[in-house]
Amino acid sequence: MHSTCLLKGKALLCALLVIVLSFMITALAFGEKATVINSSGRLDISPAVDPSDPLKGYMSLLYNNQNGLPTSEANAIAQTGDGFLWIGSYSGLIRYDGNTFERLDYASGIANVVALYVDHQDRLWIGTNDSGIYVMERDVLKKWDKSDGMKNVNVRAIAEDEKGLIYIGTTAGVDVIDPEMNLTHLQDSRLSEVYIRDLRRGNDGLIYGLTQLGDLFTLRDGGVITFLGNEDCRIKGIIGILPDPRNPGNLYLGTDEAVVYYGSLERNFGSMGVIDIAPLTYVERFEYINGQLWICAGNGIGCLDDQGFRCVDNVPMNNSVGHVMTDYEGNLWFTSTRQGVMKIVPNYFSNIFEHWNLPETVVNSTCMLGDRLFIATDSGLIVLENHGLVKDIPLKSAKTASGTDLGFDDLLELLDGVRIRSIIRDSQDRLWFSAWRKLGLVCYDQGDVLVYTPEDGLFSDHIRVVCERRDGSLMVANTGGLNIIKDGRVIAAYGEYDSIVNTEILTIVQGFNNEMVLGSDGDGIYIIGEDETRHIGTEEGLASEVILRIKRDLTRNIFWIVTSNSLAYMTEDYQVTTLHNFPYSNNFDIFENSQDEAWVISSNGIYILPVDELLADGNMKPMYFNVSSGLPGLATANSYSELTAEGDLYISGNTGVAKVNIENRIDIQTDLKAAVPYIYIDGKRMYPDESGNYTIPPKTRRLTISAYVFNYSLSDPLVSYCLEGFDAEPVTVSRSELTPLEYMNLSGGTYRFVMQVLDFQGNAVKTVAFQIIKEKSFYEETWFYVLSGLIVLACLALGTRLYIRRKMAEMEKKHQEEKDKERFVTELKTAKQIQESMLPNVFPPFPDRDEFDIYASMDPAREVGGDFYDFFLIDNDHLCLVMADVSGKGIPAALFMMICKVILQSNAIPGRSAKDILSMANEAICANNEMEMFVTVWLGILEISTGRITCANAGHEYPAICRKGRTFELFRDRHGFVLGGMDGVRYKEYELQLEEGDKLFLYTDGVPEAMGESKTLFGTDRMLDALNTCPDGSPEQILLKVRAAVDSFVQGAEQFDDLTMLCLEYRRKAVSKESPLKMD
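Quick note: the sequence shown uses the numbering used here, first residue 2, plus one each step.
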């Protein structure tokens, strides 16, 4: 920037005199460093960064409503001693801890904050635009407004003098608050009802003030000391002031012009200096920081020191800048009423493209030649020097190795539009440009260009990189293999015929024994010696055969190898060791500095660690830098970066070039402020006691620890925390991930909370520790445990006694139940015996009769059943057959069955038909059937001499008939109503003629309704199949077959119905051959 003096309407001689005087004043003002209280009440420390010097690394970050700040305007800024930054805006008061912006929603309704000030007791004073003045201490607010004596509640400035008096500048004069918090209005007619623009404390103990009209005044002990009205002041239109910390009584003054005025207030600026700050205008505020005068203007930021004035360019804030201050780390902070808040922090990395206002582009290679930086891109060559971009590089000649003139007289023009993969400088300061698919290999030698092409002996024009050998020859890696250039011509070629299977060579280096070491794109490493070519692949220890970079380490006599998925090293005798514990796999390059540190360039940033730690392949803890920690951009894959002898590394990146000096020591910020200023108990804030500890009530359910590490730089240190007595081990997170810590339902007792800030090696550099004592509830006290123990013992004793008594009673009850059960079983057995004794159970039942054979069985579903069968001789020629099924089960059914059996037998007398027997039995059962039970009955009377059976069916199952020599079939007769259902029922009968060898099978529903495990029924089809397994067998054999089939089907499943069957075989030869079937 140019320094000039602007004096309107003055003669040239006066102008020259003022210029000389301004330089004298500048030298006086900036010759020594001094300190002064800033506009927010704090002493600014030495900045950790100087953004006015473009060669020094820094990063500027603008916060607005797009990236965390709740608003896009900032009226004031201050930092309290605990480390919090406070920002005043029209939307209220905002607090920032370096990680999160938080707008404080106070019930008092603080809004429209326009001024902030931190007094000597670390109390925050808050000036508002419409509601007076507040002071906040430990979250407690006190407010003053018109009811407390303020003439106007529109606050514009705050300052504190050496005695602790707080001066409040409003739009209606000055109010003063004493240490006892009493407010008085300054009674002076010159300031009464006057708009106060600014108040600043000088090193002489005076409070310097400025009104909206441009009046200047000083205050001490609550009164006016001096007053210089605007009409009397030599300088008009003053809008900003700053007392000179080295020359009490002198002021820096800002106006809407592009100059800064300097002079003595007492002398009315009679010998004033004028300093040109163009292009800045409308100076809102000054701050004196570490020997530099910082200027906040309406259109940008400037810095004035003994070197002159400089604008701060290349920062995002350039409009309505209102404040500047340093935080406790030395970072610079600026506010803007239109753009928000900006911080400028140190950065080890410089953005070369941003500095020279170059558009972002992908860079493939960087190389220094003298004081020029050559930059290879996909579209040509960029060259920078100290004064900026080089426009042309004249050529004396440009031809191919074979002598063809290329017709170019400028190197930049020759390479325009050419994709340059790498730039390498050889020992003769020649530059070798590896062009891709155009030109070939370009050698630049002090204005002469020689181009090597396939016509000159190269494999192809796809050139990647060259490497100089110790004899001065050049190895050229290109698609097709390796060429050797010496003395201006291609003298050798190594390709497929030299055992190089993959001829796409990505990297080359000369070995320790003059061999050539080649890294391929997929087939590992080739080592070309005098007599043979050796191959190194995954079988020899590589984790990948895509070799991105090979470098010699002359200190350790090893080769560093960067593959597509790992780092490795190879010894002189070609023994490969892959490093398995490096924390990242996609790496591009590796550099070493003089401190034996390795800088690993990766796709996600840069890792830095001692070489010995890298070689040990153990627990690696590298420093890590990425875009969020200041790296301007990420490295380009397969790129080449220049490392100068001074340690400057020019990193080829995907957006430009980043510069860093790898020899400079990287100091990780360790003097960070960390604190737990308060905790929350069930959502209510609590502050520590005088010893720094917390005592919380016994009913606390949720404890929230608000842990803060105040870091406003680009680093993101690790933080560990542990609530000893609750947490099993410390938890480690990055500072950006540190959130309020919650603990639920802690037991009463003493806990110790420990929070530590760690360096990249995991060592604690900052520790915060305090106790949290949770008062014990009554049930956590010792006496309660003793009493509870006694109660428990008493309860156990009582419980044991009750348990024994209950068990004894249960045993007695069980014994009685077993006795009752035994008696019941005995009675059931007796009932069963009685039931069985009532049924014919001796077979053959009529040994002296050979006209027929009969067999029957009954198996009750329970101990006793309700089904029954019966057969008896009515007279010598008539046999009565009965099959019945009583409703219900168990003893009631058995009793009803015996009644029905007796009734049926008593009604079966000679000469009475089957239908009459059923009708009379039904009347007898219905006459005395209080249990409303019923019975199904099939009854038949066999005339033994003829084989004719007269049958009647009262709701029973169909009988089955088997004619001699044939199989069993169901005879679907006509059913009548059940017995016992209702009286007055008449039944029909039919006749069935049996011939010699015919069989009749009767059964109850327990046979077809037998149920298997799958809940399916046995059914009549399976019953007939069982009958027909031996239709020619005896009645007993037939019943056994059916029983076996049922048992096989149910497979032991519990049955719920009785199983009753009867089979009759007629043996007497029929009198007539006819077998009439007559239905009545």
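Where a beta carbon is used, it is the ideal one built from N, C-alpha and C, also for glycine. In this text the structure is predicted, and so the values were computed from the model without any measurement.
Determine whether the beta carbon atoms of residue i and residue j lie at a separation below 8 Å.
i    : j    : result
E664 : N764 : no
Y744 : L719 : no
T637 : V363 : yes
I421 : L382 : yes
C927 : D984 : yes
A544 : A569 : yes
A160 : Y118 : yes
I706 : L742 : yes
D974 : Y991 : yes
A158 : G170 : yes
V467 : V477 : yes
C297 : V325 : yes
V710 : Y722 : no
N582 : D613 : no
M932 : P960 : no
N627 : S604 : no
L507 : G520 : yes
For the beta strand (DSSP E) that residue i lies in, which residues bound it at each end?
i     : result
Q511  : I506 to Q511
M1062 : L1060 to Y1067
A1045 : Per DSSP, A1045 belongs to no beta strand (DSSP E); it is in the alpha helix (DSSP H), P1036 to V1051.
N300  : From DSSP, N300 is part of no beta strand (DSSP E); its letter is neither H nor E.
S914  : Counting along the chain, S914 falls outside any beta strand (DSSP E), and DSSP gives it neither H nor E.
I95   : G93 to Y97
V720  : L719 to E725
S435  : L432 to A436
C444  : L442 to D446
M273  : Neither: M273 is in no beta strand (DSSP E) and is coded neither H nor E.
I548  : I548 to D554
Count the other C-beta atoms from every protein chain shown that fall within 10 angstroms of the C-beta of residue i, then say buried if there are 16 or more, exposed otherwise.
i     : result
T454  : buried
T1061 : buried
W145  : buried
S465  : A small fix is needed here, since residue 465 is Arg in this sequence, not Ser. Per the 10 Å Cβ criterion, buried.
C796  : exposed
A259  : buried
D277  : buried
P317  : exposed
E1066 : buried
Q817  : exposed
P180  : exposed
F869  : buried
Suppose the cutoff is 6 Å on Cβ atoms and the five residues either side in sequence are ignored; what does the same chain contact list for residue i look like?
i     : result
M182  : none
T656  : E361 and G634
P410  : It is Asp, not Pro, that sits at residue 410 in the sequence shown. The answer, listed in chain order, is L396.
N712  : G99, L673 and R736
S946  : D878
N113  : Y91, T129, N130 and D131
M1024 : V1008 and P1009
On the DSSP letters alone, give me the boundaries of the alpha helix (DSSP H) that residue i sits inside.
i     : result
P893  : G891 to N908
T1021 : G1020 to L1028
E414  : L412 to L415
Under 7 Å Cβ to Cβ from residue i, same chain only, skipping five residues before and after it: list those, please.
i     : result
G1020 : P1009
G448  : P395, L396 and K397
R1068 : D851, E852, F853, D854 and E997
Q906  : D871 and F873
E469  : D427, S428 and L475
Going along the chain, which residues of its own chain have a beta-carbon closer than 8 Å to the beta-carbon of residue i, five neighbours each way excluded?
i    : result
G150 : D176, L184, T185 and H186
A436 : L416, V419, R420, I421, R422, L442, V443, D462 and I464
| Complete alpha helix (DSSP H) runs within the stretch 304-391 (minimum length 4 residues, chain order) | 353-356
| request: Would you list, in sequence order, the uninterrupted beta strand (DSSP E) runs of no fewer than 3 residues that lie entirely inside the stretch 574-656? | output: 577-580, 588-593, 598-603, 606-611, 624-626 and 649-653
| task | Would you list, in sequence order, the uninterrupted beta strand (DSSP E) runs of no fewer than 3 residues that lie entirely inside the stretch 927-997? | result | 936-944, 949-955, 961-963, 969-971 and 990-994
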